[in-house]
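Chemist: Sending over a structure as structure tokens; questions will come in a sec.
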Amino acid sequence: MPQLSLADAPVRRWMEASRRRKSRRSFDGSPVPEADLDALAEAADRFRPFPGARSVLVRTAPERLFKGVIGGYGRISGAPSALLFVGKPDTPGAEVGVGYTGEMLVLEATALGLGTCWVGGLFSSRVAREAASLNSHERVYAVSPIGTPARQVTRAERVVYGMRKPKARRFVEEIAPGLADPEWPAWARPGVEAVRIAPSAYNRQPWRFRSEGTAVVIAFDGPDTPVVSKRLDCGIAMCHFELAVRAAGASGSWRILDHRSDIARFTLG
Ligand SMILES: Cc1cc2nc3c(=O)[nH]c(=O)nc-3n(C[C@H](O)[C@H](O)[C@H](O)COP(=O)(O)O)c2cc1C
């Protein structure tokens, strides 16, 4: 099973971005400066720690990429560019790798001052495939608009925020029971704390952590869901966890488990 780590990642830059990031769904339509697009394209090439998972920058987002439904999430509007989060479904742990790899790019875009929003269901996979000329073994698991967010949170966004309560976060005790107890490794605490503000589909925060000797295991709660797998959310959480552990001076890596609801094990070293 593949191993994942943020070795070579700009830890402080992304940690800082992770605190500022929030999903934005309305953009002002202005083009993203070429230098920022070049920086994102370079980051997409450089940060590919998982076999088969990659992020693809689409400089001019096709209009029909994003869809909207009444009563659900609103449509993404005014985004000039997009990121596609791509993986190979036949690779074990593909969704986990796509979440982890994609969040690196989301944080880099945030660090560049751009708005982002993971979109797992409401996009056209056909339009996305065409925009990125994928090969037949690849699938687009999610996309994100990229652009300058509308100056104010729009009415449409407020409706989504009210519905999904983006600020409501689970307590640490719920996602990592007993975290304060001595059997938990002390280095894991900043990691778990940092995961609280990670994005997840429907803000469901399905990640659960447990200690296993000197290691930490991430799993998801309840059954998995068909359209947007909780494995994607967990991959995103793993990125945030590891950033904070590294920012606190420790380093290590994740080994994918992908056994039932167990996703991966993090060990120092
Ligand atoms: C895998 C994934 C899929 C998502 N899908 C959508 C989506 O289809 N439409 C949307 O507007 N937001 C989507 N979101 C954004 C979440 O609703 C958002 O991350 C969550 O409410 C927390 O808010 P925050 O990102 O502002 O912290 C998705 C997030 C993730 C991680």
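Take the sequence shown: its position 100, counted from the start at 1, is 101 in our numbering, and no numbers get skipped. From the three backbone atoms N, C-alpha and C, an ideal C-beta is built for every residue, glycine too.
Candidates 268, 21 and 180: which alpha carbon is nearest residue 209's?
Modeler: Within the sequence shown, the letter at position 208 stands for residue 209. Of 268, 21 and 180, the smallest CA-CA separation from residue 209 is found for 180.
Chemist: How long is the line joining the alpha carbons of residue 205 and residue 25, rounded to whole angstroms?
Modeler: In the sequence shown, counting from the first residue as 1, residue 205 sits at position 204. In the sequence shown, counting from the first residue as 1, residue 25 sits at position 24. CA-CA distance, residue 205 to residue 25, rounds to 17 angstroms.
Chemist: Residue 192 lies in the alpha helix (DSSP H); which residues open and close that run?
Modeler: Your numbering for residue 192 matches position 191 in the sequence shown. For residue 192, the enclosing alpha helix (DSSP H) covers residues 189-196.
Chemist: In whole angstroms, give me the CA-to-CA distance for residue 42 and residue 151.
Modeler: Locating residue 42 in the sequence shown gives position 41, counting from the first residue. Locating residue 151 in the sequence shown gives position 150, counting from the first residue. Each residue's Cα considered, the two are about 23 angstroms apart.
Chemist: Taking buried to mean at least 16 other C-beta atoms within 10 Å of its own C-beta, is residue 2 buried or exposed?
Modeler: As a working mapping, residue 2 is identified with position 1 in the sequence shown. Flag for residue 2 reads exposed.
Chemist: To the nearest whole angstrom, what separates the beta carbons of residue 221 and residue 235, a pair I think is in contact under 8 angstroms?
Modeler: The residue given as residue 221 occupies position 220 in the sequence shown. The residue given as residue 235 occupies position 234 in the sequence shown. Correct: roughly 6 angstroms between the Cβ atoms.
Chemist: Skipping 5 residues on each side, what residues in its chain have a beta carbon closer than 6 angstroms to that of residue 80?
Modeler: As a working mapping, residue 80 is identified with position 79 in the sequence shown. Excluding sequence neighbours, residue 80 sits near 28, 62, 146 and 148.
Chemist: Determine whether the beta carbon atoms of residue 87 and residue 139 lie at a separation below 9 angstroms.
Modeler: Numbered from its first residue, the sequence shown carries residue 87 at position 86. Numbered from its first residue, the sequence shown carries residue 139 at position 138. Contact: yes.
Chemist: Look at the alpha carbon of residue 100 and the alpha carbon of residue 93, and state the distance between them as a whole number of angstroms.
Modeler: The count along the sequence shown starts at 1 and reaches residue 100 at position 99. The count along the sequence shown starts at 1 and reaches residue 93 at position 92. Answer to the nearest angstrom: the Cα atoms are 14 angstroms apart.
Chemist: With respect to 8 angstroms, is the separation between the Cβ of residue 22 and the closest non-hydrogen atom of ligand 1 below this value?
Modeler: The residue labelled residue 22 in the question sits at position 21 within the sequence shown. Correct: residue 22 has its Cβ closer than 8 angstroms to ligand 1.
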